[in-house]
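Notes follow the structure.
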Amino acid sequence: MAIEIKMPALSPTMEEGTLAKWLVKEGDQVKSGDIMAEIETDKATMEFEAVDEGTVAKILVAEGTDNVKVGTVIMQLTGEGEEPVATGEGKSEAEAPRIEQGEAADQKGEATPEPKQVETGARQLFEAASHTAEVDSPEVPAGTEMVKLTLREALRDAMAEEMRKDPRVFVMGEEVAQYQGAYKVTQGLLDEFGDKRVIDTPITEYGFAGVGTGAAMGGLRPIVEFMTFNFAMQAIDHIINSAAKTNYMSGGQMRCPIVFRGPNGAASRVGAQHSQNFGPWYASVPGLIVIAPYDAQDAKGLLKAAIQTEDPVVFLENELLYGRTFEVPKLDDFVLPIGKARVMRAGKDVTIVSYSIGVGVSLEAAETLAAEGIDAEVIDLRTLRPLDRKTVLKSLAKTNRLVVVEEGWPTCSIASEVAAFVMEEGFDDLDAPVLRVTDEDVPLPYAANLEKEALINADKVVRAVKKVCYRQ
Amino acid sequence: MAKPPASAAAEPAIPNRERPAEPQPYQASKDELLQFYKDMLLIRRFEEKAGQLYGLGLIGGFCHLYIGQEAVAVGLQSALSDKDSVITGYRDHGHMLLCGIEPRDVMAELTGRASGISKGKGGSMHMFSVEHKFYGGHGIVGAQVSLGTGLAFGHKYSEDGGVCLAYFGDGAANQGQVYESFNMAQLWGLPIIYVIENNQYAMGTSVSRASSEDQFYKRGESFRIPGIQVDGMDVLACRGAAEEALAWVRAGKGPIILEMKTYRYRGHSMSDPAKYRSRDEVQAVRDKSDPIEFVKRLLGEQGVGEDQLKTVEQEIRKTVNESADFAESTPEPQLGELYTDVLVESY
């Protein structure tokens, strides 16, 4: 009985990959644990191991083939006949119509695409993040050449440019050097700057956050990478008690120019301990700058600003956005102002305020709304502390309606803060209550359907916008 | 490379202190040996199946496999009594199976289904069973060390005679809270065995690049906690060390550290390309030190035939395939479950 071996998903966000190399050939015997192929994902080259025992009957996708969709049958294995695994295997897959969207692989050996991506909330966020700004950025001079960069490349370039300019800048964190970054954000930095300036730390967040903060107090300009901000909770004492308060407590003598950066917010199916938005936490602390960019251009310009500023910065990235490609201006030294929001889409009927991955969701909602005759203006806050109240209030004065979209919990959120200042300073401009579209007020569940229910999506935004527009 | 363990208990830096005796390899009966084999094979086949389901998109997020390290948990947990508690990090599937949790309940959690051990809300890294005294399943590196110390505090406080087995890796061994916990555990004489599963790599960072003292069994010295280094690829050595450690702790002598020298065959998680070590290195361990092959040889010497082993293999494959089928077909949680279990009481 032939066992179909399919293109595996080797990371939470992988949709397709390159079948880089076959390490077995037709007729070979394989047993569990044997490495059968090398597969390149968006981030890395992975080894693909055999689980079942048998003989390689047919290789269906030649090595070197790009864009092989997850779930495509890439080889057939002949089992040992009576081995229960063979029948069990075929059966279990046939019994999974929920994910089996393609036709069964035909006997001629033609690879049949079989999209196996489970519908999840994170996937919706990821899809929404294909939306880009529709309004030219005022900070980019007209006629500037634009280049396509992924968000992770833009962040890396920002760090590399600042490191070339300023020998005091260094990067430290878990897996930032030899591994090239857990999410490949620091790729290439070790090669260019060496191990004096690109430093692998042990898994010891409280310790290295303190070491970084001390180095900043002593005159260096550290960039401390947290593998994710969930792990920065081990180190939050140094971020808040040591870094944020130093300048104030020393009467302005002792500065702490440090950047704490890393992915923040929900990733894909990683569960409650690895899916939290710390934006509101850090944004409540006087003495910190908090930045949470959406696209690659802002990520680059704002990370450079963060490295240059004399103040401690918490720089919140988003893992789901790392692989997204955006246009970035080709300028020698592109630095954006901290504390300035950006109009991503101009509109006159309603203002949607968001940040980070919520911007993609808002842009997607704006597209749907436009088709229904509601013209939404979308604002990306970009900096969460200090908040750019002026840009929000100016837009509100035009639209008189406001919805805040936040991939995070509702209670004591950035959305709450926006609602509060809009009421205090823009009350007369409001024709409807400010509505918040946030994640549900629960720890993020692992189950795909519950995760989807818990996270924000464009439909939820559309519903809120219609409510403030008194439509339906 | 799995280096052979240094011979014995920590050489006495401070000699005038009682130390545990050198552990002896466990003298297993044929039945016990066969049980070790079954338990290890169950973990391996279960993990391979989990890896396969991950590749099919049925398991999402992070999934950390225990393949290669089976002898550690099997050797240690086979020595526990039902009074004892177990806690570990996110590489937790194997430890759970050994606590007596049904494979299908674990597998269904991996696929995020309502019949999973955490009702689908926890996932691979966050699984618990109070009934089986398995306290997680923790996603934050090192957290389980302090939590396990708290479980041990509970054993002593309630005088229930239990011991906590708290597992953590060579990476977690560098977290500050580990040492804060060591200090309190020794100070208060808590019944805990700290098990450092030294699989040589903290994600992509080898022990020598992350640890100034890479002999982890010595890490308790400045807290007066004795340590023993154990060949974690040899289930009999693991069980022997467990016997010695349990005797020490149950005698009221306080905590003890076991450093288990082991090796993980797969990447840190399913999304780790593991480029920090060579294929040859992994293959050499598989060929020379595989814990399951080792027991298979011993069974052969005791006259257990290929046929019997093949039957065991088939039974285990069947159990694993059934749990995978169950995990694929059993329904997802009801949407109403989103808001349950956030708090216990209503306010």
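Protein chains in written order, with my numbering: chain A, 445 to 916; chain B, 73 to 419. No residue lacks a Cβ here, since even glycine has one placed at the ideal position from N, Cα and C.
Collapsed DSSP secondary structure at residue i in the structure displayed
i: residue 643 of chain A; result: strand
i: residue 134 of chain B; result: coil
i: residue 292 of chain B; result: coil
i: residue 694 of chain A; result: coil
i: residue 157 of chain B; result: strand
i: residue 266 of chain B; result: strand
i: residue 572 of chain A; result: helix
i: residue 670 of chain A; result: coil
i: residue 401 of chain A; result: Only positions 445 to 916 of chain A appear in this structure, which leaves residue 401 of chain A out of reach.
i: residue 681 of chain A; result: helix
i: residue 164 of chain B; result: coil
i: residue 788 of chain A; result: strand
i: residue 484 of chain A; result: strand
i: residue 90 of chain B; result: coil
i: residue 398 of chain B; result: helix
i: residue 390 of chain B; result: helix
i: residue 651 of chain A; result: helix
i: residue 403 of chain B; result: coil
i: residue 416 of chain B; result: coil
Residue burial classification, residue i (beta-carbon count within 10 angstroms, cutoff 16)
i: residue 856 of chain A; result: exposed
i: residue 827 of chain A; result: buried
i: residue 867 of chain A; result: exposed
i: residue 343 of chain B; result: buried
i: residue 580 of chain A; result: exposed
i: residue 89 of chain B; result: exposed
i: residue 582 of chain A; result: exposed
i: residue 413 of chain B; result: exposed
i: residue 362 of chain B; result: buried
i: residue 877 of chain A; result: exposed
i: residue 120 of chain B; result: buried
i: residue 416 of chain B; result: exposed
i: residue 154 of chain B; result: exposed
i: residue 721 of chain A; result: buried
i: residue 694 of chain A; result: exposed
i: residue 776 of chain A; result: exposed
i: residue 607 of chain A; result: buried
i: residue 619 of chain A; result: buried
i: residue 687 of chain A; result: buried
i: residue 280 of chain B; result: exposed
i: residue 551 of chain A; result: At residue 551 of chain A, the pLDDT of 35 sits below 50, so the modelled position is not reliable; the number obtained from the coordinates is stated separately. Counting Cβ neighbours within 10 Å, residue 551 of chain A comes out exposed, since fewer than 16 surround it.
Closer than 9 Å at the beta carbon, the chain A residues around residue i
i: residue 275 of chain B; result: 618, 619, 623, 626, 647, 671
i: residue 124 of chain B; result: 452, 495, 496, 533
Within chain A, the residues that residue i reaches when beta carbons sit closer than 8 Å
i: residue 348 of chain B; result: 622, 623
i: residue 198 of chain B; result: 715, 716, 717, 890
i: residue 404 of chain B; result: 891, 892, 893, 894
i: residue 213 of chain B; result: 647, 675
i: residue 337 of chain B; result: 477
8 Å contact criterion, which residue i and residue j should meet: CB distance rounded
i: residue 788 of chain A; j: residue 772 of chain A; result: Going by Cβ atoms, the distance from residue 788 of chain A to residue 772 of chain A rounds to 15 Å, so no, they are not a contact pair.
i: residue 837 of chain A; j: residue 783 of chain A; result: Contact flag wrong, Cβ pair sits at about 15 Å.
i: residue 143 of chain B; j: residue 307 of chain B; result: 4 Å
i: residue 756 of chain A; j: residue 746 of chain A; result: At roughly 15 Å, the Cβ-Cβ gap does not stay under 8 Å, so residue 756 of chain A and residue 746 of chain A are not in contact.
i: residue 217 of chain B; j: residue 250 of chain B; result: 5 Å
i: residue 316 of chain B; j: residue 300 of chain B; result: 7 Å
Chain B residues whose Cβ lies nearer than 7 Å to that of residue i
i: residue 490 of chain A; result: 345
i: residue 898 of chain A; result: 410
Chain-ordered neighbours of residue i on chain B, where CB pairs are closer than 9 Å
i: residue 456 of chain A; result: 132, 133, 134, 342, 343
i: residue 712 of chain A; result: 132, 133
i: residue 651 of chain A; result: 246, 247, 248
Chain A residues whose Cβ lies nearer than 7 Å to that of residue i
i: residue 388 of chain B; result: Per Cβ cutoff of 7 Å: no residues; residue 388 of chain B is ~10 Å from chain A at best.
i: residue 246 of chain B; result: 646, 647, 648
i: residue 120 of chain B; result: 476, 495
Under 8 Å by beta carbon: chain B residues contacting residue i
i: residue 564 of chain A; result: 132
i: residue 886 of chain A; result: 410, 411, 414
8 Å Cβ cutoff, residue i in contact with chain E
i: residue 259 of chain B; result: No chain E appears in this structure, whose protein chains are A and B.
**OP:** Pick out the complete alpha helix (DSSP H) segments inside the stretch 305-374 of chain B, 4 residues or longer, and give them in chain order.
**Re:** 307-322, 351-361, 363-373
Subject >> Contiguous alpha helix (DSSP H) assignments of at least 4 residues, all confined to the stretch 203-252 of chain B >> reply: 215-229
**OP:** Can you check the stretch 724-768 of chain A for any alpha helix (DSSP H) of at least 4 residues that lies completely inside it and give the ranges in chain order?
**Re:** For secondary structure counted as the alpha helix (DSSP H) over 4 or more consecutive residues, the stretch 724-768 of chain A holds these complete runs in sequence order: 740-752.
**OP:** Quick one: which unbroken beta strand (DSSP E) runs of 3-plus residues sit fully inside the stretch 566-632 of chain A? Chain order, please.
**Re:** Complete beta strand (DSSP E) runs here, min 3: 590-594, 613-617.
**OP:** Only counting runs of 4 or more residues, tell me where the alpha helix (DSSP H) segments fall wholly within the stretch 835-894 of chain A, in order along the chain.
**Re:** 858-870
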